[in-house]
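For reference, the structure is listed below as structure tokens.
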Amino acid sequence: MTKTTKRATAHLAALADELPDLITGLDKEIQSITETMAGLKKQGLVYASPFWKRDKSGQPKYFYLLHTQRKGEPRNREYIGCDANRIARANAAIERAKKYDDLDRQLTRLRSQAEQGARVLADAKRVLTGKGSAW
Numbered sequence: 039m040t041k042t043t044k045r046a047t048a049h050l051a052a053l054a055d056e057l058p059d060l061i062t063g064l065d066k067e068i069q070s071i072t073e074t075m076a077g078l079k080k081q082g083l084v085y086a087s088p089f090w091k092r093d094k095s096g097q098p099k100y101f102y103l104l105h106t107q108r109k110g111e112p113r114n115r116e117y118i119g120c121d122a123n124r125i126a127r128a129n130a131a132i133e134r135a136k137k138y139d140d141l142d143r144q145l146t147r148l149r150s151q152a153e154q155g156a157r158v159l160a161d162a163k164r165v166l167t168g169k170g171s172a173w
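Residues 39 to 173 in my numbering are what the sequence shown spells out, letter by letter.
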């Protein structure tokens, strides 16, 4: 065996040794995000824009939620009022929805990474077993 071949197989073995920790880390991150998303959904998500109706002096008085408009339907406006607790709960639900969507994008990216990694490893296995060609 030549020195170059030993170096290549040693490098291959070193890369292979890193894989279990990387895969476990990716799996844990996916699981963590999935659990966080479930918790956010359980608390309630609101997809709406906050809107303040002003009084005669121009100061914000009544709080509304303007829900997403669907084609052919009028915009749904939900009255929240001026109760500070209801306003805080509505704003928190809007923020949870934003966080949920951010986490969903992260989860999609991580799942794509896992799928791509599986394809690359399957290709590497074919190359190493001699059942496939190199790229």
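We put the beta carbon where it would ideally sit given N, CA and C, even for glycine.
Practice task
Kindly list the residues whose CB is nearer than 8 Å to the CB of residue 149, restricted to its own chain and excluding five residues on each side of it in sequence; keep chain order.
Solution key: 68
Handout entry: Ranges of the beta strand (DSSP E) found wholly within the region 77-161, counting only runs of at least 3
Key = 86-92, 98-105 and 115-119
Problem - Chain-order list of residues whose beta-carbon lies under 7 Å from that of residue 114 (same chain, five-residue window excluded) - result: 105
Practice task
Whole angstroms is fine: what's the gap from residue 56's alpha carbon to residue 156's?
Solution key: 15 Å
Exercise for the section: Quick one: measure Cβ to Cβ for residue 78 and residue 138, integer angstroms, because I've assumed they're closer than 8 Å. Expected result: 5 Å
Problem - Rounded Cβ spacing between residue 135 and residue 103 (contact assumed at less than 8 Å) - result: Not quite, the Cβ-Cβ distance comes to about 11 Å (not below 8 Å), so this is no contact.
Problem - Straight-line Cα distance separating residue 96 from residue 131 - result: 27 Å
Exercise for the section: Tell whether a beta-carbon distance below 8 Å holds between residue 101 and residue 88. Expected result: yes
Exercise for the section: Starting from the Cα of residue 163, find the closest Cα among 44, 43, 50 and 45 and give me that residue. Expected result: 50
Exercise for the section: Compute the Euclidean distance between the alpha carbons of residue 92 and residue 144, then round it to the nearest angstrom. Expected result: 38 Å
Problem - residue 141 vs residue 61 beta-carbon contact at 8 Å - result: no
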